[in-house]
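Undergrad: This is the structure, below, for whatever I ask next.
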Amino acid sequence: MNVFLGVSASTGISIGKAFVIPEAVKRVIPQFPVSISQIEQEWSRFIKAKAKISGKIQKSLEEINNESKQDKIQRELLETYLLMLDDPVFLQEVKQNLEANPFNIEYILDVKTEEYANRLRISGNAYLTERAQDICDIFGRVLNELLNIHVFNINQVPDGAVIVGREMNPSDAIILSKRKIAGLVLTEGGTSSHVAILARNYGIPAVFGIEKITKEVHHGEKLIVDGTAGELITDPDAQTLSDYSEKIKIEQEHRAKILAFRDKPAQTKDGTRFSLMANIGTPEEAKMALEEGADGIGLFRTEFLFMQESVTTQLHNHAMSEEEQFEAYKSVLETMQGKPVTIRTLDAGGDKVIASIDRPDGVEKNPLMGLRAIRLTLNFPKLFKTQLRALYRASVYGNLKIMLPLITNVDQVVKTKELIAEVMEELDADGIPYNKDVPVGIMVETAAAGITADCFAKISDFFSIGTNDLTQYTIGVDRENQTIANLYNEFHLAVLRLIQHTIEAAEAENIPVSVCGEMAGKTDSVLVLAGMGIRTLSMGIHNIPYVKELLSSISIAELQSISSKTLNNL
Ligand code: PEP
Ligand code: MG
Numbered sequence: 000m001n002v003f004l005g006v007s008a009s010t011g012i013s014i015g016k017a018f019v020i021p022e023a024v025k026r027v028i029p030q031f032p033v034s035i036s037q038i039e040q041e042w043s044r045f046i047k048a049k050a051k052i053s054g055k056i057q058k059s060l061e062e063i064n065n066e067s068k069q070d071k072i073q074r075e076l077l078e079t080y081l082l083m084l085d086d087p088v089f090l091q092e093v094k095q096n097l098e099a100n101p102f103n104i105e106y107i108l109d110v111k112t113e114e115y116a117n118r119l120r121i122s123g124n125a126y127l128t129e130r131a132q133d134i135c136d137i138f139g140r141v142l143n144e145l146l147n148i149h150v151f152n153i154n155q156v157p158d159g160a161v162i163v164g165r166e167m168n169p170s171d172a173i174i175l176s177k178r179k180i181a182g183l184v185l186t187e188g189g190t191s192s193h194v195a196i197l198a199r200n201y202g203i204p205a206v207f208g209i210e211k212i213t214k215e216v217h218h219g220e221k222l223i224v225d226g227t228a229g230e231l232i233t234d235p236d237a238q239t240l241s242d243y244s245e246k247i248k249i250e251q252e253h254r255a256k257i258l259a260f261r262d263k264p265a266q267t268k269d270g271t272r273f274s275l276m277a278n279i280g281t282p283e284e285a286k287m288a289l290e291e292g293a294d295g296i297g298l299f300r301t302e303f304l305f306m307q308e309s310v311t312t313q314l315h316n317h318a319m320s321e322e323e324q325f326e327a328y329k330s331v332l333e334t335m336q337g338k339p340v341t342i343r344t345l346d347a348g349g350d351k352v353i354a355s356i357d358r359p360d361g362v363e364k365n366p367l368m369g370l371r372a373i374r375l376t377l378n379f380p381k382l383f384k385t386q387l388r389a390l391y392r393a394s395v396y397g398n399l400k401i402m403l404p405l406i407t408n409v410d411q412v413v414k415t416k417e418l419i420a421e422v423m424e425e426l427d428a429d430g431i432p433y434n435k436d437v438p439v440g441i442m443v444e445t446a447a448a449g450i451t452a453d454c455f456a457k458i459s460d461f462f463s464i465g466t467n468d469l470t471q472y473t474i475g476v477d478r479e480n481q482t483i484a485n486l487y488n489e490f491h492l493a494v495l496r497l498i499q500h501t502i503e504a505a506e507a508e509n510i511p512v513s514v515c516g517e518m519a520g521k522t523d524s525v526l527v528l529a530g531m532g533i534r535t536l537s538m539g540i541h542n543i544p545y546v547k548e549l550l551s552s553i554s555i556a557e558l559q560s561i562s563s564k565t566l567n568n569l
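One point on numbering: in numbering that gives the first Met the number 0, the residue at position 538 of the sequence shown is 537, and numbering is uninterrupted.
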C-alpha cells in the first residue's frame, strides 16, 4: 500500500480500478530518400495503410444503425472520408511526387496533404474551406497507420474506473459526463482547469498534482481516491479499505440530508432570496440541474458541445451544424421550463482547442492570450453567425440570454450586435420566428472588462463575472498550471476589487450581475461574494444544495461582515 499526496480538485471519496492513460505520442514524420527500385514498395505500403483505414471507416458505417439526425450527419461524414481516401486527383499527385522526388511515403504524404489542405483553405469556397481539416484528419490516420502509431481512445475507459494520467485534454474530459467514472488522478491541471470543473460537476472525486503518477500506478490496480484530502492510496490493505468504505457511507448519508434542500428556495436565515444557477456543458446536464434544484442555467459552455466526438465513429472533426446546435439549445430551454438559461457563445481556443475549427494560423505561442473566445468567433463570422442563428431560432422555446466570453473591448460587443442584426434580418426573410429581445450580456473575466465595467454596463444587458479567468488574467497565473497553483488566488485584493467595481458599475446602470466562476460554488468565496451584494450565483450542479444549506445558516449582516473583513484584511 502506498499513499500519494496531491491537491484536492474535486471533493468526495471513491474506490475503483485504475485506468492509466498512456502518454500521448507525438507524430514525427521521418524524411529519407529512397532508391528508384523502392518506389513501388513505398507506394504499396501507402495503398495498404489506406485500405486499412477505409476498412475501419466501412466498419463504423455498418455500425450506424439508426436514422436519427446525428446518425445521418455521421454517415455523410464517413462517406465523405471514404471519397477523400480514394480521390483520384490527390492519389495521382502523391504518386507523381513520389516518382519525381523519391522520398519515403510518409514524408511525401505529409507534404502533399498539407499542400492540398492549403489549396482548399484559400479556395474562397466555404464548403471546400471546411474540408481542409477533413483532409488533414483522414490522411493523418493513414500516416499514423504507416508509422504504427496507435492513438489512445478515451472511449475505452470502462464504467467504475479511476482515470490516472499525466494530463487530460478538454475533449477527452467529456468522458466524465458520459461514463460513471469513479475518480480522476492527474499529474497536471489546476483546480480551476476545465477538467476539474467537469469532475466537480459530476461529483467525481479528483486529485491533481501527483508527480509521475502514471509510473507509480498499474493498470487495473485497486485505488482509493480521497478528493477531499487530496490523497491517492494504491493497493490498500483490508483495514484501510474498510475505513474508507465507512467514510463513503458517512458521505452518502450527508448527501442524502443535503438533498432535502433541493426543493427549497435559496435564502439566508433572515429571508434574503438568492438565485442559484447551474453551469453546464451538455444538454443532458440541464436535466441534472433541474433535479438538483437549480433556479436556471447561469452558464452553458457551448464549446463542450463542439468537443463531443461520436462514440460510434471516434470522429471529432466535425463542426456543429446550425441544426445540431439549434436542437441542443432548444432542448436545454425546454428542459428548464421557462427558467432563465444563459448560453455563452463559443469559448474555443486557449486550452479548449476544437479539432473541427480549422485554424490555418497554426500553433500559437501563447494560446491563452491568443485567438480564443470572442476573438476567435469574430474572426470566423460564418461560424459565429451559425451559432447566433441557432440561438435565435431556439429563443422561442424558453427564457434565453446570450453571453459573450472574454470581452476586453467595447468594439467586440458592437461587432457582435451587428452580426446579430444580420442574423435577425435573415430570419425575418426566411419567415422564422425568434425573440427580438433576447438579453445580450458579457462575461467580465478580464481585468480590462472589470476596470472599464462602467463603459460595458452601458452596452450590455447583464454581467456575469468569470472569476476563473479574471483571477488568471489579473494576477497573471495560468489556471491550468499545477506548479504555480499556490499563486492562483481568487481572494487576491486585485481580483476582489475588480469584482466589487463590476458590481458597482452594474448597479449604477441597473443591470443584473452574477458570478459564474468557480468562486460561486465554494463555501468560503460564496460568503464573501454574497456579502459584497451578489444575489445570483452560477455553479457546478453538484454544489447547489450545499450552497443552499450554507446560505440558510447565515444572515445578510453576517455575510456583509465577512466580506468587509476579507476586503479590509488584505
Ligand atoms: C470563468 O472564466 O470564470 C468562466 C466561468 O469561464 P470558463 O471557466 O469556461 O473559462
Ligand atoms: Mg472564462
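Glycine included, each C-beta is placed from N, C-alpha and C at the ideal position.
Rounded to whole angstroms, what is the Cα-Cα separation between glutamate 570 and lysine 338?
TA: Since the displayed the chain opens at 0 and closes at 569, residue 570 lies outside it and no answer follows.
Undergrad: Classify threonine 470 as buried or exposed, calling it buried when 16 or more other Cβ atoms lie within 10 Å of its own Cβ.
TA: Result: buried.
Undergrad: Just to confirm, are leucine 142 and arginine 300 a CB contact at a threshold of 8 Å?
TA: no
Undergrad: What does the alpha-carbon distance come out to for the pair phenylalanine 462 and glycine 139?
TA: 43 Å
Undergrad: Tell me which residue opens and which closes the alpha helix (DSSP H) that methionine 531 is part of.
TA: 522-531
Undergrad: Look at the Cβ atom of threonine 415, then the Cβ atom of proline 204, and state whether they are nearer than 8 Å.
TA: no
Undergrad: CB of aspartate 477 to nearest heavy atom of ligand 1: below 7 Å?
TA: no
Undergrad: Valine 352 and glycine 164: beta carbons closer than 8 Å?
TA: no
Undergrad: Identify which residue in Leu536, Thr445 and Phe455 has its Cα closest to the Cα of alanine 493.
TA: Thr445
Undergrad: If you check the beta carbons only, do isoleucine 502 and isoleucine 533 fall under 8 Å apart?
TA: yes
Undergrad: Could you give the C-beta distance for proline 21 and phenylalanine 207, rounded to a whole number, given that I count them as a contact under 8 Å?
TA: Actually they are not in contact, since the Cβ atoms of proline 21 and phenylalanine 207 sit about 19 Å apart, beyond 8 Å.
Undergrad: Can you pull every residue whose C-beta falls closer than 5 Å to some heavy atom of ligand 2, listed in chain order?
TA: Glu444, Gly465 and Asp468
Undergrad: Regarding leucine 375 and ligand 1, is the C-beta to nearest heavy atom distance less than 7 Å?
TA: no
Undergrad: Check proline 264 in the structure and name its three-state DSSP category.
TA: coil
Undergrad: Thinking C-alpha only, which one of Val546, Glu210, Asp523 and Ser13 is nearest serine 274?
TA: Val546
Undergrad: My output table needs one value for aspartate 225: the three-state DSSP class, helix, strand or coil.
TA: strand
Undergrad: How far does the alpha helix (DSSP H) with valine 412 in it reach, from first residue to last?
TA: 409-428
Undergrad: So, are the CB atoms of leucine 60 and leucine 77 less than 8 Å apart?
TA: Closer than 8 Å, so yes.
Undergrad: Hey, quick one: how far does the beta strand (DSSP E) through methionine 402 stretch, first residue to last?
TA: 398-403
Undergrad: With DSSP run on the structure shown, which of helix, strand or coil describes glycine 297?
TA: strand
Undergrad: Measuring CB to CB, does serine 426 end up less than 8 Å from lysine 384?
TA: According to the sequence shown, residue 426 is leucine rather than serine. It is not a contact, given that the beta carbons lie outside the stated cut-off.
Undergrad: Taking C-alpha atoms, which residue in Gln266, Ser7, Lys55 and Ala172 lies nearest to isoleucine 543?
TA: The residue among Gln266, Ser7, Lys55 and Ala172 with its C-alpha nearest the C-alpha of isoleucine 543 is Gln266.
Undergrad: Please find out if some non-hydrogen atom of ligand 1 comes closer than 7 Å to the beta-carbon of glycine 516.
TA: yes
Undergrad: Exposed or buried, glutamine 251, counting other C-beta atoms within 10 Å across all chains shown (16 or more means buried)?
TA: exposed
Undergrad: Please classify histidine 217 as buried or exposed, where buried requires at least 16 other C-beta atoms within 10 Å of its C-beta.
TA: exposed
Undergrad: With a threshold of 7 Å, establish whether the CB of leucine 107 neighbours any heavy atom of ligand 1.
TA: The residue you asked about is not leucine; residue 107 is isoleucine in the sequence shown. Isoleucine 107: no, Cβ never under 7 Å from ligand 1.
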